[in-house]
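Residue numbers (the numbering used here): 2 to 207.
To start, the structure under review is shown below, and the notes come after it.
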């Protein structure tokens, strides 16, 4: 049982959520969300909280957003080997390179994916790209280990921006996609690591 679940259990103030496993008592601290701007709040509220959260995040300037623009889904359709789609990796690299070329030398950004093979391939791509590797603060190995990984890697952490690389675009990977999206905990964690901007990279159709 998590510390939050224990706190909920002893809280006098809160609400009861109707879930597939029965009624769940949620303490009042979870009702007001002050972590993420839109659209991350709206996504999290929809997939994990049945619309019961209250938006309380103060808007702030995002240096990354000023360069890359508003949060958006970047649709990528193409070939894949298992869960890894190289075209998705190229898009993620392009976003990172754009930030570096615009002078943002230490971008507060996480590149997150549901799958370990995708995170490993993304790290390889960054390390092999001299235009990116030579500009990353603290060395490319440390940067990629700390900033690129699976959803579980970043639980409890946060950054200005998240690039969510979906992976598994082909029909044969439908089971992997279902695992990544159900239950919603993984998606909720991934999306709410982003405080200001979210860029989803992957097949919208899939």
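Glycine included, every Cβ here is placed at the ideal spot set by N, Cα and C.
Everything numeric in this text was worked out from a predicted model, so none of it was measured.
Cα-Cα separation, residue i to residue j
| i | j | result |
| --- | --- | --- |
| residue 64 | residue 83 | 35 Å |
| residue 102 | residue 190 | 30 Å |
| residue 128 | residue 35 | 35 Å |
| residue 206 | residue 80 | 13 Å |
| residue 148 | residue 111 | 5 Å |
| residue 60 | residue 113 | 23 Å |
| residue 7 | residue 49 | 19 Å |
| residue 108 | residue 68 | 11 Å |
| residue 154 | residue 118 | 14 Å |
Whole-angstrom C-beta distance between residue j and residue i, which should lie under 8 Å
| i | j | result |
| --- | --- | --- |
| residue 92 | residue 75 | 6 Å |
| residue 38 | residue 194 | Actually they do not touch by this definition, with Cβ atoms about 13 Å apart. |
| residue 94 | residue 146 | Contact doesn't hold; Cβ gap of about 17 Å is too wide. |
7 Å Cβ shell around residue i - same chain, five flanking residues per side excluded
| i | result |
| --- | --- |
| residue 132 | 98 |
| residue 15 | 9, 26, 27, 28 and 29 |
Range of the contiguous alpha helix (DSSP H) that encloses residue i
| i | result |
| --- | --- |
| residue 44 | 41-49 |
| residue 27 | Taken as a continuous stretch (DSSP letters only), residue 27 belongs to no alpha helix (DSSP H), being part of the beta strand (DSSP E) at 23-28. |
| residue 161 | It is not in any alpha helix (DSSP H) - residue 161 instead sits in the beta strand (DSSP E) that spans 160-166. |
| residue 101 | 87-102 |
Sub-8 Å separation of residue i and residue j beta-carbons
| i | j | result |
| --- | --- | --- |
| residue 96 | residue 163 | no |
For residue i, the first and last residue of its enclosing beta strand (DSSP E)
| i | result |
| --- | --- |
| residue 114 | 110-114 |
| residue 74 | 73-76 |
Interface flag, residue i vs chain D, CB-CB below 8 Å
| i | result |
| --- | --- |
| residue 140 | Among the chains in the structure shown there is no chain D, since it carries only a single protein chain. |
Residues near residue i by beta carbon distance below 6 Å, same chain, minus five either side
| i | result |
| --- | --- |
| residue 167 | 203 |
| residue 136 | 101 |
8 Å Cβ shell around residue i - same chain, five flanking residues per side excluded
| i | result |
| --- | --- |
| residue 40 | 72 and 199 |
| residue 77 | 86, 88, 89, 92, 170, 202, 203 and 204 |
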